[in-house]
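Take the sequence shown: its letter number 28 is residue 28 in the UniProt record's numbering, and every next letter is one higher. From the three backbone atoms N, C-alpha and C, an ideal C-beta is built for every residue, glycine too.
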Amino acid sequence: MTFVVTENCIKCKYTDCVDVCPVDCFHEGPNFLVIDPDECIDCTLCEPECPANAIFSEDEVPAAMEDFITLNAELAKIWPGITEVKDALPDADEWKGKSGKTDLLER
Ligand code: SF4
Ligand code: F3S
């Protein structure tokens with residue numbers, strides 16, 4: 001089992017999740033974070049911390065976002081780790097809660 005970052009993170013990237021992860025399993029891309037499923041210990045701490053409600057347990061990922069399970073695993077192997085909170089993206093509050101952001105994911 002692992003936790004998964006989904007579409008709501010795209011163009012927001014608040015990074016509050018990074019602050020609570022005890023095993024530093026978040027990895028950072030230009031406008032999205034992912035969780036390394038091989039590192040996540042299912043502690044559940046990050047899920048309530050995300051202001052955009054982007055994080056789900058693997059077995060609770062909404063059906064429309066199931067592709068994000070493999071996407072997290074794939075990108076976690078490529079992107080560098082992030083261990084410290086940083087400022088959210090400039091327009092984060094405007095993009096928060098918007099749907100249809102998947103095509104805006106930058107790699
Ligand atoms: Fe890190 Fe825990 Fe979230 Fe997994 S569930 S990503 S270990 S904070
Ligand atoms: Fe993204 Fe939420 Fe973390 S917006 S960076 S998953 S706090």
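The ligand SF4 heavy atoms versus the CB of residue i: any closer than 8 Å?
i           : result
Leu-45      : yes
residue 108 : A question about residue 108 goes unanswered here, because the residues of the chain that appear run from 1 up to 107.
Asp-42      : yes
Cys-17      : yes
Whole angstroms is fine: what's the gap from residue i's alpha carbon to residue j's?
i       : j       : result
Lys-13  : Asp-67  : 19 Å
Thr-83  : Pro-62  : 27 Å
Thr-2   : Ser-57  : 6 Å
Lys-98  : Leu-104 : 12 Å
Val-5   : Leu-89  : 16 Å
Trp-95  : Lys-11  : 6 Å
Thr-102 : Ile-35  : 17 Å
Val-20  : Pro-51  : 14 Å
Asp-59  : Asp-87  : 30 Å
Glu-28  : Glu-7   : 14 Å
Ile-100 : Ile-78  : The question names Ile, but residue 100 is Gly in the sequence shown. Their Cα atoms are separated by approximately 24 Å.
Could you check where the beta strand (DSSP E) with residue i kicks off and where it finishes?
i      : result
Phe-32 : It is not in any beta strand (DSSP E) - Phe-32 carries neither H nor E in the DSSP assignment.
Thr-5  : First, the amino acid is wrong: residue 5 is Val here, not Thr. First-last of the beta strand (DSSP E) with Val-5: 3-5.
The ligand F3S heavy atoms versus the CB of residue i: any closer than 8 Å?
i       : result
Glu-60  : no
Lys-77  : no
Phe-68  : no
Lys-98  : no
Leu-105 : no
Glu-33  : The residue you asked about is not Glu; residue 33 is Leu in the sequence shown. Under cutoff, so the answer is yes.
Thr-83  : no
Taking residue i as part of the alpha helix (DSSP H), name the residues at either end of that continuous run.
i      : result
Val-18 : 16-20
Ala-92 : 92-95
| Within the region 57-84, ranges of the alpha helix (DSSP H) (whole runs, at least 4 residues) | 67-76
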